[in-house]
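Contents: one structure, followed by commentary.
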Amino acid sequence: MDLTLLRTFLAVHRAGSFTRASASLGLSQPAITAQMRTLEKQVGKQLFERLPRGVAPTGPADELARRLAPHLDAIEEIAAREVRGVDSLRRTVHLGGPTELTALRVLPSLSDLVRRGLRLRVTLGPGDVLLAGLAAARHDLVISDVRPRTRGIVGTPLTDEEYVLIGAPHWAARLPQSRILAQGPAALEGVPLVGEAEEQPLIRRYWSTVFDTKPTAPAAVTVPDLRAVLECVRSGHGIAVLPRYLCAEALDRRAVVALLEPELPPLHTVFLAVREGTLSQPHIAHLHGELIARAARWA
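The opening residue of the sequence shown carries number 1384 in my numbering; numbering runs sequentially from there.
Structural data, given as structure tokens:
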């Protein structure tokens, strides 16, 4: 069997589209279509089903890709390193992640890999949108605050975000921790809330974990950037729930104050997600492993 056919097959399987595979391989779409027809005749099975947008692999295609990928990727790695003298990391990785965590933790931790030759193309957005893009092969790796549940997507716990209820110092003076501990959310009635969306996902998670209830008041201010939420709190607009990493410096400077330090702080797991089979590609596997190792050192 021609290795070129197998290489093209694997590119189509990973891309979920003849068009995207064409761009990655530098081949025309008719050439890829012809190669897949030839391969289907050789294996005697249909490998892809045409969809309105892209293609879907059949069961035999998934099985062939699972068995083929590690070996073909190993050959590509040997050819790159031993024949062409190219560092396997000198490839482009399409990475998706939440805006603030990616900006403040992920990208700063990868500077040495970029200097080594890694090329990053970063997409920012909510976890569910990014996971859909991962399933459609628009991303190679996705950092998601939503647990992946889609078939063919594998999620590994990356880090835990600790949530903190914060306010400007004058709110701390008006809302002593003892009162909040004694009265629960009733102590916060009438206090303006600052959230990142109308649904107030962080506030809802905090209320559910710490107070075992849901917030009843709408946010006074909503702004879709957690760094802007922090600035609103610092300026005295109201109180908010934020990941500790994002407000740690402001807490150290007493620009904002933790209104409550529960015995068991609320945590939320962030996942690193990939499509099944793609970790056989050295550049993706390398970045995947580095992210997990470096996340363990994030403060």
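All C-beta atoms in this analysis are idealised placements derived from N, C-alpha and C, irrespective of residue type, glycine included.
Treat the numbers as computed from the prediction; the structure is a model and nothing was measured.
- Could you please give the first and the last residue of the uninterrupted beta strand (DSSP E) stretch that includes Phe1431? As a working note, residue 1431 is residue 48 in the sequence shown. First-last of the beta strand (DSSP E) with Phe1431: 1431 to 1433.
- Message: When you compare the CB of Tyr1589 with every CB in chain C, is at least one pair closer than 8 angstroms?
- Response: The chain inventory of the structure shown lacks chain C, comprising one protein chain alone.
- Message: Nearest by alpha-carbon distance to His1651: which of Arg1627, Gly1573, Asp1456, Ala1556 is it?
- Response: For this step, residue 1651 is matched to residue 268 along the sequence shown. Considering only Arg1627, Gly1573, Asp1456, Ala1556, the residue with the shortest C-alpha distance to His1651 is Arg1627.
- Secondary structure of Asp1608, DSSP reduced to three states: To locate residue 1608, count along the sequence shown from 1; it is residue 225. Of the three classes helix, strand and coil, the one that applies to Asp1608 here is coil, per DSSP.
- Message: Using only the alpha-carbon positions, how far apart do Leu1419 and Arg1450 sit?
- Response: Against the sequence shown, residue 1419 aligns to sequence position 36. Against the sequence shown, residue 1450 aligns to sequence position 67. Just to set this straight, residue 1419 is Met in the shown sequence, not Leu. One Cα belongs to Met1419, the other to Arg1450, and the distance between them is close to 18 angstroms.
- Reducing DSSP to helix, strand and coil, say where Glu1483 ends up. Numbered from its first residue, the sequence shown carries residue 1483 at position 100. Shown here, Glu1483 sits in a helix according to DSSP, grouped into three states.
- Message: For the structure I just gave you, are there three or more beta carbon pairs, one from the region 1548 to 1560 and one from the region 1612 to 1631, closer than 8 angstroms?
- Response: Here the region 1548 to 1560 lies against the region 1612 to 1631, with 3 or more beta-carbon pairs under 8 angstroms apart.
- For Gly1538, the residue or residues it bridges with in DSSP: Position 155 of the sequence shown, counted from the start, is the residue given in the question as residue 1538. When DSSP reads this structure, Gly1538 sits in a beta bridge with Ala1656.
- Within this structure, are the beta carbons of Arg1436 and Ala1520 separated by less than 8 angstroms? By 1-based counting over the sequence shown, the position of residue 1436 is 53. By 1-based counting over the sequence shown, the position of residue 1520 is 137. Cβ distance not < 8 angstroms, so Arg1436 and Ala1520 don't count as in contact.
- Query: Which residue's Cα is closest to the Cα of Ala1515: Gly1500, Arg1532, Arg1502, Leu1501?
  - Reply: Position 132 of the sequence shown, counted from the start, is the residue given in the question as residue 1515. For the residues Gly1500, Arg1532, Arg1502, Leu1501, the minimum Cα distance to Ala1515 belongs to Arg1532.
- In three-state DSSP terms, what is Val1497? Start at 1 with the first residue of the sequence shown, and residue 1497 comes out as number 114. In this structure, DSSP gives Val1497 a helical state, which the three-state scheme calls helix.
- Got a sec? Which residues, its chain only, sit under 7 angstroms from Glu1353 by beta carbon, not counting five neighbours each side? The chain is shown only over 1384 to 1682; residue 1353 falls outside these bounds and no answer can be derived.
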